[in-house]
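Trainee: Residue 1699 in my numbering sits at position 208 of the sequence shown; the count goes up by one each step and never skips.
By construction, the Cβ of each residue, glycine as well, lies at the ideal position given by its N, Cα and C atoms.
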Amino acid sequence: MPSRALSMVGLGLLAFATMLGTDGCITYKLNGLDVEPNAGACIAPGSTAQFTAYGIFTESGHANETIDITDSVHWTTDLPELATVNASGLATAGTAYVGLTNVKASTQGEFKLLWKTVPLTVSTSCVSGSGAAVPRTLASMHLIGETALRSVGDTTELVAVGRYSSEPLSGNLSGEVRWISSDPGVAKVSPQGLVTAVSAGEATITATRTNELGTVVTATETIHVGGN
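1) Using the rule of at least 16 other Cβ atoms within 10 Å of the residue's Cβ for burial, across every protein chain shown, is GLU1527 buried or exposed?
2) DSSP on SER1673, reduced to helix/strand/coil?
3) On a CA-only basis, which of ALA1691, LEU1611 and THR1697 is nearest VAL1680? Give me that one, please.
4) Using only the alpha-carbon positions, how far apart do LYS1607 and GLN1599 sit?
5) Classify SER1616 as helix, strand or coil using the three-state DSSP reduction.
6) Give the range of the beta strand (DSSP E) segment to which LEU1521 is assigned.
7) Hey, would you say the C-beta of PRO1528 is under 8 angstroms away from at least one heavy atom of the ligand FMN?
8) Strictly by DSSP, which residues pair up with PRO1682?
9) For the segment 1575–1589 and the segment 1640–1653, state whether three or more C-beta atom pairs, one from each stretch, are separated by less than 8 angstroms.
10) How long is the line joining the alpha carbons of PHE1602 and ILE1558, rounded to whole angstroms?
11) Is it a yes or a no for the segment 1528–1545 touching the segment 1607–1616, going by three-plus beta-carbon pairs under 8 angstroms?
12) Is it true that the segment 1579–1594 meets the segment 1535–1546, where meeting means three or more beta-carbon pairs spaced less than 8 angstroms apart?
13) Do you know offhand how far PRO1682's Cα is from ARG1654's?
14) Which residues in the same chain as GLU1667 place their Cβ atom closer than 7 angstroms to its Cβ, once the five residues preceding and following it in sequence are excluded?
15) Taking the alpha carbon of PRO1659 as the reference point, which residue from GLU1648, THR1628, ILE1671 and PRO1675 has its own alpha carbon closest?
16) Which residues in the same chain as GLY1705 place their Cβ atom closer than 6 angstroms to its Cβ, once the five residues preceding and following it in sequence are excluded?
17) Whole angstroms is fine: what's the gap from SER1657's alpha carbon to SER1616's?
18) Return helix, strand or coil for THR1561, following the three-state DSSP convention.
19) Among the residues of its own chain, which have a CB less than 6 angstroms from the CB of THR1583, if the five just before and after it don't count?
20) When you compare only the Cα positions, how much space is there between GLY1760 and THR1647?
21) Give the straight-line distance between the Cα atoms of GLY1512 and THR1518, rounded to the nearest whole angstrom.
22) 9 angstroms is my cut-off, CB to CB: does SER1616 come that close to chain D?
What follows is the structure, encoded as structure tokens:
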């Protein structure tokens, strides 16, 4: 990874520790990486698509944290002649070719290099031929965050990431969705997506939101709680 990217990762981690208000006793470790839109994007030649990288930070006995680290990862594409991606995750399609390439985000985690790839399609068929304005619509949602809680009282924060029909293609909807737990006796969830382990077992956490067309969009994740 270029030294500039490594420096940005260090600055991002420092800012993260400052945000948490730690005094040196808690060391959060970067152990997971996700990229949205996780199903990739389809854009016309010469147009752009924004990708977002989320880091999952863990620490035993404390709430896991999922934060936007888009500017702190290293971005590349498999076929630069088809599309390139800048340091902020903005992919730009060339005008000479159409086809499929992968957008890759990578960064050094606590124990190993973390990376995630998602597809990017460049095609003239990605553009509506009607000429009519197409409203930006929530098409799907995806939940990210730690799903295994070791003990009663442990917490984890789930992030609801929405995928839209037009740019910007993704967004954090955690404060806009309705959160539901299938079994609050095992794991309860707050209106912001903070999950707390209540007893050993499994519970399904569901996030729901009605999109711009009146359709209910949902996303689920199963939380596993171990015994004390």
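Mentor: On the basis of the coordinates in this document:
1) As a first step, residue 1527 is located in the sequence shown; it is residue number 36 there, counting from the start. With 16 or more Cβ atoms within 10 Å of its Cβ, GLU1527 is classed as buried.
2) For this step, residue 1673 is matched to residue 182 along the sequence shown. Here SER1673 sits in coil by DSSP.
3) By one-based count along the sequence shown, residue 1680 stands at place 189. For the residues ALA1691, LEU1611 and THR1697, the minimum Cα distance to VAL1680 belongs to THR1697.
4) Counted from its first residue, the sequence shown places residue 1607 at position 116. Counted from its first residue, the sequence shown places residue 1599 at position 108. Using only the alpha carbons, I get a separation of about 12 angstroms.
5) Residue 1616 sits at position 125 when you count from the first residue of the sequence shown. The DSSP-derived three-state label of SER1616 is helix.
6) By one-based count along the sequence shown, residue 1521 stands at place 30. 1520–1527 is the span of the beta strand (DSSP E), which, as asked, contains LEU1521.
7) Ligands displayed in this structure: none; no statement on the ligand FMN is therefore possible.
8) Reading the sequence shown from its first residue, position 191 is the one you call residue 1682. In DSSP, PRO1682 forms no bridge with anything.
9) no
10) Taking the first residue of the sequence shown as position 1, residue 1602 is located at position 111. Taking the first residue of the sequence shown as position 1, residue 1558 is located at position 67. Each residue's alpha carbon lies about 19 angstroms from the other.
11) yes
12) yes
13) For this step, residue 1682 is matched to residue 191 along the sequence shown. For this step, residue 1654 is matched to residue 163 along the sequence shown. One C-alpha to the other measures close to 20 angstroms.
14) For the purposes of this step, residue 1667 is taken as the residue at position 176 of the sequence shown. So the list reads ARG1700, once near-sequence residues are dropped.
15) One-based indexing of the sequence shown puts residue 1659 at position 168. Of GLU1648, THR1628, ILE1671 and PRO1675, the residue nearest in Cα terms is THR1628.
16) Here residue 1705 refers to the residue found at position 214 when the sequence shown is read from its first residue. Within the same chain, GLY1705 has no close Cβ partners at all.
17) The residue you call residue 1657 lines up with position 166 of the sequence shown. The residue you call residue 1616 lines up with position 125 of the sequence shown. Cα-Cα distance, rounded: 14 angstroms.
18) The residue you call residue 1561 lines up with position 70 of the sequence shown. THR1561: helix per DSSP, three-state reduction.
19) Position 92 of the sequence shown, counted from the start, is the residue given in the question as residue 1583. So the list reads THR1539 and THR1575, once near-sequence residues are dropped.
20) This structure cannot settle anything about residue 1760, because the visible part of the chain is limited to 1492 through 1719.
21) By one-based count along the sequence shown, residue 1512 stands at place 21. By one-based count along the sequence shown, residue 1518 stands at place 27. Unreliable placement is indicated for GLY1512, whose pLDDT of 43 sits below 50; no coordinate value is reported for it.
22) No chain D is part of this structure, which consists of one protein chain only.
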